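Heads up, the thing below is written out as structure tokens.
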Amino acid sequence: MTGRVITITSGKGGVGKTTATANISAALAAMGHKVVCMDADIGLRNLDVVLGLENRIVYDLVDVVEGRCKVRQAMIRDKRLEELYLIPAAQTRDKNAVAPKDMVRICDELRQDFDYIVIDSPAGIERGFKNAIAPADEVVIVTNPEVSAVRDADRIIGLVEAEQKGPAKLVVNRINTEMVERGDMLAVADVLELLAVELIGIVPDDTAVLVSTNKGAPIALEPKSKTGQAFRDIARRLTGEDVPFSAGNGNNGFLGRLSKLMKSKEGRNA
Amino acid sequence: MPSLSELLGRKRSASTAKDRLRVVLIHDRSALPPGVMDALRQELIEVVARHIDVDRHAVRVEMVQEGRSATLQAEIPIKATPKQPSSE
């Protein structure tokens with residue numbers, strides 16, 4: 100088995116990276132894949148609480164790096180999904196406790212046993228970000244439809260390309276349909292046009308996400324939730340499935356504009 | 859494609875955001891501060907004006923985005939000065 104390493108990153112903090120990591124991992128595991136998600140945000144551990152696994156931690160990523168335990172010992176099995184595991188970040192250390200080569204080594208080991216290794220990157224463009232993308236086969240960038248998040252996403256897309264980990268794929272998180280229709284929020288098509296990258300997901304702005312993180316239960320596992328469906332669609336696209344983007348999720352005539360964008364791109368490449 | 863509010867002549871905040879981001883991203887990507895563009899414009903005019911008579915007020919210098927790369931576009935109109943027939 101040779102697993103794929105998918106790194107979730109953003110540049111700006113607070114756009115929903117950890118939520119996306121938890122939900123994409125859960126959705127992949129619910130599809131029957133063997134998944135391990137890894138919190139690379141050393142010193143600001145969070146993926147454990149979002150997944151509701153905070154009480155089970157014994158060892159962490161830094162313990163693995165420094166040889167105090169084996170990778171297997173640091174893995175926590177999810178409560179709900181047999182095929183989902185978490186490797187938590189250390190809470191009492193900083194980013195410099197891990198180097199990019201450590202991440203590559205650990206991921207190479209995990210690739211033997213897992214289909215997907217999903218890494219939650221810290222915000223920023225320093226060591227923690229470099230650690231998170233070093234082992235990546237694929238990079239997913241999460242952004243929000245607001246100027247600061249889009250600007251930082253653009254910078255990250257450039258850095259990912261420079262590290263030869265591109266082309267990155269984009270998740271636009273927290274789309275508020277009403278605001279887009281009113282003309283007071285960037286539409287997904289606007290964000291795509293500005294960033295010129297491939298779209299892999301659109302996630303609505305949904306207060307139910309906060310409720311699910313309160314409980315430590317990923318919304319991707321709620322069959323009736325639209326937001327859960329958005330994360331499940333991202334997971335399916337990551338496995339190579341061609342999942343169409345449905346209309347009516349705040350795109351302001353998105354499909355038409357997207358196809359126009361695609362056509363103009365094709366024209367340029369021809 | 860203009861949105862409904864644009865057709866009604868109102869500029870909504872989303873389109874302001876998009877316009878601002880377009881400029882910011884071009885400068886971020888080229889690591890070129892906005893202030894340098896003015897200097898560049900002036901220098902371009904000086905160089906070209908040494909050889910041709912240009913219409914200085916109509917010069918347009920801007921970065922244009924194409925996919926993830928940018929092109930520096932300069933439009934430098936030349937003044938129409940008919941060549942004087944040689945008196946010889």
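Residue numbers (the working numbering), protein chains in the order written: chain A, 100 to 369; chain B, 859 to 946.
Each residue gets a CB set at the ideal place from its N, CA and C atoms; glycine is no exception.
The model shown is predicted, which means the values in this text are computed figures rather than measured ones.
Checklist entry - For C168(A), which of helix, strand or coil comes out of DSSP? => result coil
Item to check | Minimum length 4: unbroken alpha helix (DSSP H) runs contained in the segment 124-207 of chain A | outcome: 146-150, 160-164, 170-173
Checklist entry - Nearest chain A C-beta to V882(B) closer than 9 Å, yes or no? => result yes
Checklist entry - Who are the near neighbours of V296(A) in its chain, counting only those whose CB is closer than 8 Å to its CB and skipping five residues on each side? => result I240, I256, P266, A267, K268, L269
Next on the checklist: Short of 9 Å Cβ to Cβ, which residues in the segment 869-897 of chain B face chain A?
Outcome noted: K869, R870, S871, A872, S873, A875, K876, R878, L879, R880, V882, L883, D886, R887
Next on the checklist: Going by DSSP in three states, N348(A) sits in which element: helix, strand or coil?
Outcome noted: Low per-residue confidence applies at N348(A): pLDDT is 46, beneath 50, and the placement is therefore not dependable enough to give any value.
Next on the checklist: I need the boundaries of the alpha helix (DSSP H) containing T326(A), first residue and last residue.
Outcome noted: 325-337
Checklist entry - Shorter than 9 Å from the beta carbon of I256(A) to some beta carbon of chain B? => result yes
Item to check | C-beta neighbour in chain A for Q923(B), strict 9 Å | outcome: yes
Item to check | First and last residue of the uninterrupted beta strand (DSSP E) at N272(A) | outcome: Counting along the chain, the beta strand (DSSP E) containing N272(A) begins and ends at 268-274.
Checklist entry - Where does S247(A) sit, in a helix, a strand or coil, going by DSSP? => result helix
Checklist entry - Distance, Cα to Cα, R167(A) vs V259(A)? => result If you take the alpha carbons of R167(A) and V259(A), they lie about 32 Å apart.
Next on the checklist: Using 8 Å for Cβ pairs, my map puts V302(A) next to R273(A). What's the rounded Cβ distance?
Outcome noted: 7 Å
Checklist entry - Count the other CB atoms within 10 Å of the CB of D289(A); is the residue buried (16 or more) or exposed (fewer)? => result buried
Item to check | Own chain residues within Cβ distance below 6 Å of M137(A), not counting five before or after | outcome: Excluding sequence positions up to five before and after M137(A), its CB lies within less than 6 Å of the CB of I186, I218, all in the same chain and listed in chain order.
Item to check | Sequence-distant residues of the same chain with beta carbon closer than 7 Å to H132(A), five excluded per side | outcome: E182, D214, Y215
Next on the checklist: Taking its Cβ as the centre, do 16 or more other Cβ atoms sit within 10 Å of P234(A), making it buried, or is it exposed?
Outcome noted: buried
Checklist entry - For R273(A) and chain B, any beta-carbon pair shorter than 9 Å? => result no
Checklist entry - Is any beta-carbon of chain B found at less than 9 Å from that of G282(A)? => result yes
Checklist entry - Mind checking if R926(B) is an interface residue toward chain A, Cβ cutoff 9 Å exclusive? => result yes
Item to check | Below-9 Å beta-carbon distance, G349(A) vs any chain B residue | outcome: Residue placement at G349(A) cannot be trusted, given a pLDDT of 43 that sits under 50; the coordinates are not used to answer.
Checklist entry - Are the CB atoms of A189(A) and D162(A) nearer to each other than 9 Å? => result A Cβ-Cβ contact shorter than 9 Å links A189(A) with D162(A).
Next on the checklist: So, at 7 Å on beta carbons, what are the nonlocal neighbours of P891(B) in its own chain, with the 5 sequence-adjacent residues on each side left out?
Outcome noted: Excluding residues within five positions, the ones whose Cβ falls inside 7 Å are H885.
Checklist entry - Taking Cβ positions only, does D289(A) come closer than 9 Å to chain B? => result yes
Checklist entry - Who are the neighbours of V246(A) on chain B, taking C-beta pairs under 7 Å? => result Result: A875, R878, L879.
Checklist entry - What's the call for A329(A), buried or exposed, on a 16-neighbour Cβ count within 10 Å? => result buried
Next on the checklist: Which residues in chain C have a C-beta closer than 7 Å to the C-beta of A295(A)? List them in chain order.
Outcome noted: The structure shown contains no chain C; its protein chains are A and B.
Checklist entry - Can you name the residues that DSSP bridges to P303(A)? => result I274(A)
Checklist entry - For the candidate residues G151(A), N195(A), V164(A), V271(A), whose alpha-carbon lies nearest to that of K178(A)? => result G151(A)
Checklist entry - Of the choices L902(B), I936(B), E924(B), whose alpha-carbon is the least far from that of S888(B)? => result For the set L902(B), I936(B), E924(B), the Cα lying nearest the Cα of S888(B) is the one of E924(B).
Next on the checklist: Quick check: the Cα distance between K876(B) and V249(A), rounded to an integer number of angstroms?
Outcome noted: 10 Å
Next on the checklist: So with CB distances below 9 Å, who are the chain B contacts of R226(A)?
Outcome noted: Here the premise fails: no neighbours, minimum Cβ distance about 22 Å.
Item to check | Contact list for the segment 309-335 of chain A against chain B, Cβ threshold 7 Å | outcome: none
Next on the checklist: For A126(A) and A334(A), which I take to be in contact (beta-carbon distance under 8 Å), what is that distance rounded to the nearest angstrom?
Outcome noted: The pair is a contact, with the Cβ atoms about 4 Å apart (cut-off 8 Å).
Checklist entry - Can N243(A) and V114(A) be called in contact, C-beta distance under 9 Å? => result yes
Checklist entry - R878(B): buried (16+ other C-beta within 10 angstroms of its C-beta) or exposed? => result exposed
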